[in-house]
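K.L.:
One rule links them: number in our numbering = place in the sequence shown (from 1) + 2.
Where a beta carbon is used, it is the ideal one built from N, C-alpha and C, also for glycine.
Computed from a predicted structure; not experimentally measured.
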Amino acid sequence: MINQDRLTEYTMDLIRIDSPSKQEKEVAMKLKHDMEKIGADCSFDNADKKVNGNIGNLTVKIRGNTDAPPFFFSSHMDTVSPGIGIKPHVKDGIMRSDGTTILGSDDKSGVAIIVEVIKSLQENNIPHGDIEVAFTICEEIGLLGAKYYDVNQISAKHGIVLDSSTPDRLVLRCPSAEDLYFTVQGVEAHAGLCPEDGISAIKVASDAISAMTFGRIDHETTSNIGIIKGGVATNIVTGKVEVVGEVRSHDEQKLNAQVYHMKECFLNAAKKHKIVLNGQQLEAKVDVETQRAYDRMDVGDESFITKLVLQAVDNLGHKVKLYTTGGGCDANYFNKFGISCANLGTGMYELHTVNEYLVLEEQQRCAKIMLETVRLNAEN
Ligand SMILES: [Zn+2]
Numbered sequence: 003m004i005n006q007d008r009l010t011e012y013t014m015d016l017i018r019i020d021s022p023s024k025q026e027k028e029v030a031m032k033l034k035h036d037m038e039k040i041g042a043d044c045s046f047d048n049a050d051k052k053v054n055g056n057i058g059n060l061t062v063k064i065r066g067n068t069d070a071p072p073f074f075f076s077s078h079m080d081t082v083s084p085g086i087g088i089k090p091h092v093k094d095g096i097m098r099s100d101g102t103t104i105l106g107s108d109d110k111s112g113v114a115i116i117v118e119v120i121k122s123l124q125e126n127n128i129p130h131g132d133i134e135v136a137f138t139i140c141e142e143i144g145l146l147g148a149k150y151y152d153v154n155q156i157s158a159k160h161g162i163v164l165d166s167s168t169p170d171r172l173v174l175r176c177p178s179a180e181d182l183y184f185t186v187q188g189v190e191a192h193a194g195l196c197p198e199d200g201i202s203a204i205k206v207a208s209d210a211i212s213a214m215t216f217g218r219i220d221h222e223t224t225s226n227i228g229i230i231k232g233g234v235a236t237n238i239v240t241g242k243v244e245v246v247g248e249v250r251s252h253d254e255q256k257l258n259a260q261v262y263h264m265k266e267c268f269l270n271a272a273k274k275h276k277i278v279l280n281g282q283q284l285e286a287k288v289d290v291e292t293q294r295a296y297d298r299m300d301v302g303d304e305s306f307i308t309k310l311v312l313q314a315v316d317n318l319g320h321k322v323k324l325y326t327t328g329g330g331c332d333a334n335y336f337n338k339f340g341i342s343c344a345n346l347g348t349g350m351y352e353l354h355t356v357n358e359y360l361v362l363e364e365q366q367r368c369a370k371i372m373l374e375t376v377r378l379n380a381e382n
């Protein structure tokens, strides 16, 4: 019942429209136009004001043809770089870019599936409740569209986010994430004339980082130092260094313990670097700021949405694994807001690289599973 050629064509149409984060307006207006043409109510929220973008999140509502409970869908409209002027093509059932850009199937493949499912529901007169869709902005820069989504517009209690790799996996668990910002303040001095009058912020930061455990902490906790900035010239003892890192975990206690460890490494390193200058004691200082990026989600193996998708997959003769991932997604926020949401893969691979590709058979399978899920939701 899914129109496979139309799904492929629509995916390519969306991909050809540039939509880097904060500049989703053109693709959002196309979606609004196409959805209104088939009878949907469309509206934008004010998330663009919060992120300084050119359009807010798009909410699309399709009235049900039965009084079955509503069902929620979401995919994000923005793409990473290099993603301007993408030229998609299909060969042997695989969609790719020309190799100079990403493909942008992350997440246009999901957006196109939602549109195709809605069209198929209508054309085949399949019983369904209201369909409520959030096409979000700025997922790629920290789930910001979902974070600022006006969830009061949604009455559905469960749904699906389409924004992961393979439809062999239903993602139920994503970690919490915390960002850490360290600013190390040393003392500047001429590196040739009087290095002993300075405290190198680079030395302090490197002491801190070399004392630190990060990377894979355990099976559900990871940590990284991702950015170091600092220094002006080789002949100046560096006065300031900024270091940015993150911690992710499915367990809040483990996350807090790792955050504490990383802070301690910096504070202890600072204490070790002291000088006396003109009778005055000077020491390195570290300023630490932490910011919660997003909270963990755990939909549960026995939740209504999990069972619904498992039943749909079974009805179609496919298999799906319940999955725990180390990445966050918009569903982290939707679950926090009270919509029980799992994340099903759309067939996209090598994301965020110019080698990104979409397996059309998998995208079609995802669409069929979603159509069956919505049908079952009306039956239950
Ligand atoms: Zn994505």
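Here's the rule: buried if 16 or more other CB atoms are within 10 angstroms of the residue's CB, otherwise exposed. What is residue 379?
P.N.:
Residue 379 should be labelled buried.
K.L.:
Give me, in chain order, the residues of the same chain whose beta-carbon lies closer than 7 Å to that of residue 261; leave out the 5 immediate sequence neighbours on both sides.
P.N.:
If we look at residue 261 and ignore the five residues flanking it on each side, its Cβ neighbours are 180, 182, 249, 292.
K.L.:
Can a CB atom of chain C be found closer than 8 Å to the CB of residue 159?
P.N.:
Here chain C cannot be found, since the structure has a single protein chain.
K.L.:
Closer than 5 Å is what we want: which residues have a beta carbon that near any heavy atom of ligand 1? List them in chain order.
P.N.:
My final list is 108, 109, 165.
K.L.:
Just verifying my parser: in three-state terms, what is the DSSP assignment at residue 260?
P.N.:
Helix.
K.L.:
How would you label residue 125, buried or exposed, when you count the other beta carbons within 10 angstroms and need 16 or more for buried?
P.N.:
Under this definition residue 125 is an exposed residue.
K.L.:
If you follow the alpha helix (DSSP H) that residue 134 is in, where does it begin and where does it stop?
P.N.:
Counting along the chain, residue 134 falls outside any alpha helix (DSSP H), though it belongs to the beta strand (DSSP E) covering 133-138.
K.L.:
Where do the N-terminal and C-terminal ends of the alpha helix (DSSP H) with residue 367 fall, by residue?
P.N.:
Run containing residue 367: 362-381, per the alpha helix (DSSP H) assignment.
K.L.:
Check for me: the alpha helix (DSSP H) holding residue 77 runs from which residue to which?
P.N.:
Premise fails: residue 77 lies in the beta strand (DSSP E), 73-78, not in any alpha helix (DSSP H).
K.L.:
Below 8 Å between beta carbons: does that hold for residue 27 and residue 54?
P.N.:
Going by C-beta atoms, residue 27 is not nearer than 8 Å to residue 54.
K.L.:
Which value, in whole angstroms, describes the spacing of the CA atoms of residue 104 and residue 11?
P.N.:
Straight-line Cα distance between these residues: approximately 18 Å.
K.L.:
Using a 10 Å radius around the Cβ and a threshold of 16 neighbouring Cβ atoms, would you call residue 63 buried or exposed?
P.N.:
It counts as buried.
K.L.:
Under three-state DSSP, which class holds residue 39?
P.N.:
Of the three classes helix, strand and coil, the one that applies to residue 39 here is helix, per DSSP.
K.L.:
How close, in whole Å, do the beta carbons of residue 76 and residue 332 come, if the pair is a contact with beta carbons under 8 Å?
P.N.:
Rounded, the Cβ-Cβ distance is 6 Å, consistent with contact.
K.L.:
Could you tell me which whole beta strand (DSSP E) segments of length 3 or greater appear in the stretch 84-157?
P.N.:
If we require 3 residues or more, the beta strand (DSSP E) runs fully inside the stretch 84-157 come out as 91-93, 96-98, 133-138.
K.L.:
Using the C-alpha atoms, what's the distance from residue 337 back to residue 223?
P.N.:
Between residue 223 and residue 337, the C-alpha separation is close to 20 Å.
K.L.:
Closer than 7 Å by C-beta to residue 384: which residues in its own chain qualify, once you throw out the five before and the five after it? Chain order, please.
P.N.:
The question about residue 384 has no answer here: the residues shown for the chain are numbered 3 through 382.
K.L.:
Between which two residues does the beta strand (DSSP E) harbouring residue 20 extend?
P.N.:
Segment: none, residue 20 is in no beta strand (DSSP E) and carries neither H nor E.
K.L.:
Note down, in chain order, each residue of its chain lying with its Cβ closer than 8 Å to the Cβ of residue 220, except the 5 sequence neighbours on either side.
P.N.:
Excluding residues within five positions, the ones whose Cβ falls inside 8 Å are 256.
K.L.:
Let's test the definition: count the other Cβ atoms within 10 Å of the Cβ of residue 112 and tell me whether it reaches 16, buried, or not, exposed.
P.N.:
Buried, since its Cβ has 16 or more Cβ neighbours within 10 Å.
K.L.:
Under three-state DSSP, which class holds residue 2?
P.N.:
With the chain represented from 3 up to 382, any question about residue 2 goes unanswered, as that position is not in the structure.
K.L.:
Run through DSSP, which three-state label would residue 8 get?
P.N.:
Of the three classes helix, strand and coil, the one that applies to residue 8 here is helix, per DSSP.
K.L.:
Give a yes or no on contact between the stretch 277-293 and the stretch 153-165, applying the rule of three or more CB pairs nearer than 8 Å.
P.N.:
The stretch 277-293 vs the stretch 153-165: no contact.
K.L.:
In three-state terms, what does DSSP make of residue 46?
P.N.:
Looking at residue 46 - three-state DSSP - the assignment turns out to be strand.
K.L.:
Can you have a look at residue 323 and say buried or exposed, based on whether 16 or more other CB atoms are within 10 angstroms of its CB?
P.N.:
Residue 323 is exposed by the Cβ-count criterion.
K.L.:
At what residues does the beta strand (DSSP E) containing residue 276 begin and finish?
P.N.:
Note, residue 276: beta strand (DSSP E), 276-279.
K.L.:
Is the distance from the Cβ of residue 188 to the Cβ of residue 286 below 8 Å?
P.N.:
Yes, these two residues count as a Cβ contact at 8 Å.
K.L.:
Comparing alpha-carbon positions, which option in 115, 67, 98 lies nearest residue 366?
P.N.:
Checked all of 115, 67, 98; the closest Cα to residue 366 is 115.
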